[in-house]
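Here's the structure, in structure tokens; my notes come after.
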Amino acid sequence: MEKKKIEEVFSILNKTWPDAKCELEHNNHFQLLIAVVLSAQATDKSVNKALNPLYTQYPQFSAQDLVKMGEEKFLNTIRSIGLAPTKAKNCLKLANMLQENFDGKVPLNRTDLEQLPGVGRKTANVILNVLCGMPTMAVDTHVERVSQRIGLVPATKNRLEIEEGLLKALPKKYAIKAHHLLIFQGRYHCTARNPKCETCPIEHLCLKRGVVTH
DNA sequence: ATCCCGAGGG
DNA sequence: CCCTCTGGAT
């Protein structure tokens with residue numbers, strides 16, 4: 178898609194969702210990291226629902242607190258989230274690694290983040306974007322679907338290609354916010370099933386134009 | 001390519 | 001009932 182049209186897409190998305198931001202509740206870096214790890218193949222609503230009681234009771238819940246709590250108890254608090262046993266195991270190991278290697282703090286660079294269990298490129302990109310204001314592009318199910326439907330980048334299922342294509346095509350003005358604009362478009366409008374094409378604010382710019390098949 | 005796997009929506 | 005959700009590790 179031409180640069181001018183891409184700029185128009187993000188301009189409209191920005192007007193549609195001026196307050197687009199991370200919707201995972203957290204009071205500190207560690208809580209956000211845990212929330213993002215738990216959000217894999219799960220809605221942020223379900224993650225907030227499971228973590229809210231914990232974070233309300235312990236507003237500064239930290240890596241040390243999670244280690245003290247233990248895997249079994251933590252698993253019970255997150256049971257309502259899909260893939261819970263794997264995630265609980267990863268979170269405990271992650272908390273231990275933070276204690277041992279990073280003074281209990283969340284490392285704010287890609288290399289260290291991606292060494293942590295349950296943390297891959299997408300999660301690292303979210304952390305760097307939300308906590309550091311870095312212009313990263315976390316490509317998840319929403320960003321992949323939306324950017325492919327609109328035609329922002331050439332058709333591919335390779336998420337790294339999509340990430341690089343988007344970063345190259347993005348107007349710098351929206352470099353930091355773009356990720357959340359695409360998330361909101363995907364979450365509330367360009368949904369996987371039954372997308373609301375009839376009332377889509379960028380329908381006239383979309384490659385699909387209401388002929389989405391899946 | 002396949003496995004991990006619960007709630008919510010349609 | 002079936003599909004989807006801010007993926008990651010093997």
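Quick note on this note's numbering: the first sequence kicks off at 178 and runs consecutively.
A virtual CB, placed ideally from N, CA and C, is assigned to each residue, including glycine.
Measuring only the C-alpha atoms, how far is residue i from residue j?
i: Tyr365; j: Arg386; result: 17 Å
i: Glu341; j: Lys181; result: 18 Å
i: His357; j: Gly281; result: 28 Å
i: Ala212; j: Thr254; result: 13 Å
i: Ala346; j: Phe279; result: 35 Å
i: Gln276; j: Pro294; result: 14 Å
i: Ala217; j: Glu185; result: 31 Å
i: Gln208; j: Lys299; result: 17 Å
i: Asn371; j: Arg326; result: 13 Å
i: Gly328; j: Ala219; result: 26 Å
i: Thr368; j: Lys264; result: 26 Å
i: Lys373; j: Glu249; result: 42 Å
i: Ser324; j: Lys245; result: 42 Å
i: Asp242; j: Asp196; result: 32 Å
i: Leu228; j: Glu291; result: 23 Å
i: Lys222; j: Lys350; result: 29 Å
i: Val316; j: Ile339; result: 7 Å
i: Arg322; j: Lys334; result: 10 Å
i: Thr376; j: Pro262; result: 40 Å
i: Ala352; j: His381; result: 23 Å
i: Ile189; j: Val330; result: 18 Å
Is residue j closer than 8 Å to residue i when the C-beta atoms are compared?
i: Val283; j: Leu337; result: no
i: Glu199; j: Val307; result: In the sequence on display, residue 199 carries Cys and not Glu. A contact, by the Cβ cut-off of 8 Å.
i: Leu205; j: Gln237; result: In the sequence under discussion, the amino acid at residue 205 is Asn, which differs from the Leu named in the question. The answer is yes: Cβ separation under 8 Å.
i: Thr193; j: Pro348; result: no
i: Ile258; j: His319; result: no
i: Phe251; j: Leu271; result: no
i: Met311; j: Leu343; result: no
i: Ala355; j: Phe187; result: yes
i: Val214; j: Val296; result: yes
According to DSSP, is residue i helix, strand or coil?
i: Ala315; result: coil
i: Glu200; result: coil
i: Met274; result: helix
i: Asn267; result: helix
i: Phe238; result: coil
Let's see if you can read the secondary structure: which residues bound the alpha helix (DSSP H) around residue i?
i: Thr333; result: Premise fails: Thr333 is in no alpha helix (DSSP H) and is neither H nor E.
i: Glu249; result: Glu248 to Thr254
i: Glu185; result: Lys180 to Thr193
i: Gln362; result: Ala355 to Tyr365
i: Lys299; result: Arg298 to Cys309
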